[in-house]
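K.L.:
Dropping the structure in here first, questions after.
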Amino acid sequence: MTDQGENQVTDCNSLQGKTALITGAARRIGAEIAKTLHAAGANVVIHCRNSLADAEQLRDSLNAQRANSAQVLQLNLDETGKLDKLAADAATFWGGLDCLVNNASSFYPTPVGQITLDDWDNLFNSNLKAPLFLSQAAAPSLRQSQGCIINMVDIHASRPMRKHPVYCAAKAGLAMLTQSLARELGPEVRVNGIAPGAIMWPENDLDETTKQHIIERTALQRHGEPADIAKTVLFLLRDADYITGQIIPVDGGRSLNM
49 MTDQGENQVT
59 DCNSLQGKTA
69 LITGAARRIG
79 AEIAKTLHAA
89 GANVVIHCRN
99 SLADAEQLRD
109 SLNAQRANSA
119 QVLQLNLDET
129 GKLDKLAADA
139 ATFWGGLDCL
149 VNNASSFYPT
159 PVGQITLDDW
169 DNLFNSNLKA
179 PLFLSQAAAP
189 SLRQSQGCII
199 NMVDIHASRP
209 MRKHPVYCAA
219 KAGLAMLTQS
229 LARELGPEVR
239 VNGIAPGAIM
249 WPENDLDETT
259 KQHIIERTAL
269 QRHGEPADIA
279 KTVLFLLRDA
289 DYITGQIIPV
299 DGGRSLNM
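Position 233 (the sequence shown) corresponds to 281 in the working numbering; numbering is contiguous.
Next comes the structure, spelled out in structure tokens:
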């Protein structure tokens, strides 16, 4: 009984001493990822853009569970020239960086005929440009720690969603970037992606008819939870030492019937 208990403690804290930087981690799926990695023993750097109060509340909650285990960094990821400092600051808190989760993303419709250059810049900056340049900035620290990068892609990176051509194109670019970085940064750094399906409805809510249509076309006939994504991040960080360049759909089977 004693040995079993000790093994359980070891498993729970298998990320002890590791540091993860999660972008867009103040709320929603990003916050769930931070909580899950923290519960597994990791120190977490919670990045936010505008949701500073939420980020600080999450930080304080995690530090109450384990002292000096969470920090907050605020930055608009469009400020590409500051991404080197973001990566450096994240690595400074606990003397290294073991995982970068590129979670921050913009999402909204851009029907053809209404697309603007601002739409293009916003959606490509958050979904492709920032993950590339932040990954590049973090690469030296990740190489040193034999760490990993996890990109939040989308099932619509390979099968387009109506009225979202710019978003889908940006996510398609992120899917290829994931594979390219896996080639470029191996063997020291593993790079993988996660392609969520219907996990959380967008904050600019879809109408109920559209939501129901999505669920009906999902093999499991239900939407997922942020924990489904967070557990996949944990797997890729903790248990997937021989997986790189892959994109894992977490979509309840939605991609079987797009």
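Positions of the beta carbon are idealized from the N, C-alpha and C atoms, including for glycine.
Going by C-alpha distance, which of N240, T280, Y215, I203 is nearest S153?
P.N.:
Per the Cα distances, Y215.
K.L.:
Is the separation between the beta-carbon of N116 and that of R97 shorter than 8 Å?
P.N.:
No, they are not a contact pair.
K.L.:
Leaving out five residues on either side along the sequence, give the residues of the same chain with a beta carbon under 6 Å from the beta carbon of Q122.
P.N.:
Once the five neighbours on either side are set aside, the close Cβ partners of Q122 are C96, L100.
K.L.:
In terms of residues, what are the limits of the beta strand (DSSP E) holding G195?
P.N.:
It is not in any beta strand (DSSP E) - G195 carries neither H nor E in the DSSP assignment.
K.L.:
Residues in the same chain with beta-carbon distance under 8 Å from I77, minus the five sequence neighbours each way, listed in chain order, please.
P.N.:
So the list reads N151, M200, P244, I247, M248, P274, I277, A278, once near-sequence residues are dropped.
K.L.:
Between the C-alpha atoms of N305 and S174, what's the straight-line distance to the nearest angstrom?
P.N.:
When rounded, the distance between both Cα atoms is 28 Å.
K.L.:
Counting C-beta neighbours from all protein chains within 10 Å, is the total for Q113 16 or more, i.e. buried, or is it exposed?
P.N.:
Looking at its Cβ environment, which holds fewer than 16 other Cβ atoms inside 10 Å, Q113 is exposed.
K.L.:
Given this structure, state the Cα-to-Cα distance separating A186 from Y290, to the nearest angstrom.
P.N.:
Roughly 21 Å between the two C-alpha positions.
K.L.:
I262 to R302, Cα distance in whole Å?
P.N.:
Whole-angstrom Cα-Cα distance: 8 Å.
K.L.:
Just to confirm, is the Cβ distance from T226 to K177 under 8 Å?
P.N.:
No, the pair does not count as a contact, with Cβ atoms beyond the cut-off.
K.L.:
The alpha helix (DSSP H) that contains A220, what's its start and end?
P.N.:
Taken as a continuous stretch (DSSP letters only), the alpha helix (DSSP H) holding A220 covers 213 to 233.
K.L.:
So, at 7 Å on beta carbons, what are the nonlocal neighbours of A90 in its own chain, with the 5 sequence-adjacent residues on each side left out?
P.N.:
Correct list, in chain order: L63, K66, T67, A68.
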